[in-house]
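Here's the structure we're looking at; comments come further down.
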Amino acid sequence: MPTPQDAIDLFLNAARTHAEKSAVSGIAGDVTYTALEHLARQYAALFATTREPRVLIALPRGKHVYAAILGAALAGGFYAPANEASPADKLQRVARELQPDFVVAPPALASIVQQAAPGARLIDPATVEHGAALAGPGQRHRIAYIIFTSGSTGVPKGVVVPRTALNHYIGWIHTSGCVRTNDRVSQFNNLAFDVSVFDIFGALCCGATLVPIDGKFDRLMPARAIARERITVWTSVPTVIDLMQTGQQLTHANLKTVRLFTLAGEPLLRPQLEALFAACPETIVQNAYGPTEATVTVSSMMMTAADFPQACEKAAVSIGPQIPGMILHLHGGPHPDEGELVIIGPQLAEGYWQDPERTQAAFRPIEIDGEMRRGYFTGDWVERIRGLIYFRERIDHQVKIRGYRIELDEVAAAIRHCGWPSVCVFKLGDALAALVECPDGQEFDPAALRENLAKRIEAYAIPEHFLTTDRMPRNENDKIDRAAAKLLFEAQP
Amino acid sequence: MISTDDIYAELTLTFRDIFRDTRIILRPESTPETIAGWDSFKYVSVLVAIEAAYNIELDGPELDNVQNVGELVALIQAKAAEK
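The listed protein sequences derive, respectively, from chains C and F. Counting in numbering that gives the first Met the number 0, the first sequence runs from 0 upward without gaps. Counting in numbering that gives the first Met the number 0, the second sequence runs from 0 upward without gaps.
Here it is as structure tokens:
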């Protein structure tokens, strides 16, 4: 496989080839490739005053955030995104870990962030467009970006993604046809969620048009935004499909322009897939899987309305086979088709920011075909059925109850099979507890559920406590918030 | 024109039904922070109910500026009057 091209060079090429085409489009107006490149160079000129600048960006979706990302790279530095909607304390924890040279954020927010990084220079986006622009091809740092994820100790974990990994991933997005020049690509995901890398670089590196979905209403009613903006490539967590259903917007009239839905970040469930294909039978749905530590996604399951049932042998839809260039190895299972998923290949992160201990624990040598390779041990237990990989559970979701080893995700999958698609199972004291999402009007009968569960799982794995909630607590990336779910239980008298 | 009192009364019933909480009392200054259990799914359900009840279509920029229930009621009144 040829060496993938540098993502920033690809953007510069796209800006030359598609100079007057819209790079960014939406309610805030259109920005041509020429204008976006100029703005990126203005940011780069500011950042280039420092060698290898670390740039923390906390801006709403739009031209400034994309220009700042590109500008950091052109200046020979790297970016770390922060969700500008996060609580101030969380933003400060990220800033404390990174100690950025620059903070690009609205002034009020920037000064809060700066309290944790007093050496950082604040950049107000409103002032950048009056500045000078960096000329030439610029420089490149070996790091592309650092994305901070929640650490179990409360200190954010910075995943350091090298430029070579980003380039490989962007190369795949284009060779696989996920994004093409004529596409209008949604930018719905928050910046600190690495699926945003698919949106931003996927679109801007091939001359497609990036469409930020940032307004409060658009984020509540995304299908209407899809129709208005004529989106052709949509990317989000699968829960957004549920949101569209709740808003009665999952219709062909709204979604007919979308040729590819990419769903990632949490298990995709068959009912979500069925609802999407019922509304939009001619579209393609991609279920993509990958940890931040392996650069966004490393597997891909492409499905049509005709063939999707073949990827639905388990409660969660198959995550598919690996993308070209990556190896997905199943380690430590009872047979070669079951085990912990270990990822090997060019998309692996360098490790965790200034945390060699944690890096060594997660990125370890593993023998593949007689050769020692560096692998990322995902902590995800998976199985392979007819060549397709299915996520089963998180290894760290294994608990012991009265001497029995129980897989929390296996229990959750069994509850999903019984007709409750959104569920969170955890250990509460010496027993198992399950929080079950029970939408309006749906009756929940714990005795009936226990009876059904007894047909699928051992008696000792049936939760002792059930609690229902109208809506499962979710974090800012729309993933189930296990800590908040547990708090709901603990708040019970 | 529909009176604001009528809209508050209708909206209160809608919120109580969707949030399944008969104790909800809407005030002009009510916000997501003051209504227990507020999340994006419930907000979407409220919007869908409003559109159906008043036969109006809400859209992005006007709703993005809504900061509290008082502004939501004013928006409903204005949209209903446009018909």
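Beta carbons: idealized from backbone N, C-alpha and C, even for Gly.
Give the interface partners of residue 27 of chain F over in chain C, defined as CB-CB distance under 8 Å, in chain order.
The premise fails here: residue 27 of chain F is roughly 19 Å from chain C at the closest Cβ pair, so nothing lies under 8 Å.
Cβ shell of residue 79 of chain F (< 7 Å), same chain only, five flanking positions each side left out:
1, 53, 55
In this structure, does DSSP put residue 390 of chain C in helix, strand or coil?
strand
According to DSSP, is residue 332 of chain C helix, strand or coil?
coil
Along the region 237-248 of chain C, where does the CB come closer than 8 Å to a CB of chain F? Name the residues.
241, 242, 245, 246, 247
Should residue 41 of chain F be flagged as near chain C, meaning a C-beta pair shorter than 8 Å?
yes
Residue 26 of chain C versus chain F: which residues are under 8 Å apart at the beta carbon?
59, 60
When we look at the beta-carbon of residue 92 of chain F and count the other beta-carbons within 10 Å, is it buried (16 or more) or exposed?
Residue 92 of chain F falls outside the range modelled here, since chain F spans only 0 to 82, and no answer is possible.
To the nearest angstrom, how far is the alpha carbon of residue 59 of chain C from that of residue 203 of chain C?
18 Å
What whole-angstrom Cβ distance do residue 394 of chain C and residue 431 of chain C have, given they're in contact under 8 Å?
About 17 Å separates the two Cβ atoms, so there is no contact after all.
Note down, in chain order, every chain F residue with its Cβ under 7 Å from the Cβ of residue 215 of chain C.
62, 63
Quick check on the DSSP output: what are the complete alpha helix (DSSP H) runs of length 4 or more inside the region 330-379 of chain C, in order along the chain?
355-361
Is there contact here, the region 30-39 of chain C with the region 63-73 of chain C, by at least three beta-carbon pairs under 8 Å?
yes
With DSSP run on the structure shown, which of helix, strand or coil describes residue 310 of chain C?
helix
Using a C-beta cutoff of 8 Å, does residue 469 of chain C count as contacting chain F?
yes
Does residue 209 of chain C come within less than 8 Å of chain F when only Cβ atoms are used?
no
Classify residue 181 of chain C: buried if its beta carbon has 16 or more other beta carbons within 10 angstroms, exposed otherwise.
exposed
Ignore the nearest five residues each way along the sequence and tell me which others in residue 283 of chain C's own chain have a CB closer than 8 Å to its CB.
258, 259, 260, 301, 302, 303
If you reduce the DSSP assignment to three classes, tell me which class residue 233 of chain C lands in.
strand
Inside the region 36-77 of chain C only - beta strand (DSSP E) runs reaching at least 3 residues:
53-56
Cβ-Cβ distance between residue 495 of chain C and residue 168 of chain C below 8 Å
One cannot answer for residue 495 of chain C here, as it falls past the ends of chain C, which runs 0 to 492.
Per-residue contacts from residue 254 of chain C into chain F (C-beta, under 9 Å)
Chain F residues near residue 254 of chain C: none, gap ~16 Å exceeds 9 Å.
Do you know how far the Cα of residue 445 of chain C is from the Cα of residue 389 of chain C?
28 Å
Note down, in chain order, each residue of its chain lying with its Cβ closer than 6 Å to the Cβ of residue 298 of chain C, except the 5 sequence neighbours on either side.
288, 318, 319, 321
Does the beta-carbon distance from residue 18 of chain C to residue 32 of chain C come in below 8 Å?
yes
Under three-state DSSP, which class holds residue 78 of chain F?
helix
Decide if residue 5 of chain C is buried, meaning its Cβ has at least 16 other Cβ atoms within 10 Å, or exposed.
buried
C-beta neighbour in chain C for residue 19 of chain F, strict 8 Å:
yes
Can you give me the C-alpha to C-alpha distance between residue 455 of chain C and residue 361 of chain C, rounded to a whole angstrom?
33 Å
Could you have a look at residue 167 of chain C and say whether DSSP puts it in helix, strand or coil?
helix
Could you tell me which chain C residues have their CB closer than 9 Å to the CB of residue 71 of chain F, listed as they occur along the chain?
Within 9 Å Cβ-Cβ: nothing; residue 71 of chain F doesn't reach chain C, min ~12 Å.
Give me the Cβ distance between residue 49 of chain C and residue 100 of chain C, rounded to the nearest whole Å; I'm assuming they're in contact under 8 Å.
5 Å
Just to confirm, is the Cβ distance from residue 159 of chain C to residue 350 of chain C under 8 Å?
yes
Assigned secondary structure, residue 54 of chain F (DSSP; H/G/I helix, E/B strand, else coil):
coil
Residues in its own chain within less than 6 Å of residue 484 of chain C by CB, not counting five upstream and five downstream?
423, 434, 472
How do the region 226-234 of chain C and the region 323-340 of chain C stand: do at least 3 beta-carbon pairs fall below 8 Å, yes or no?
no
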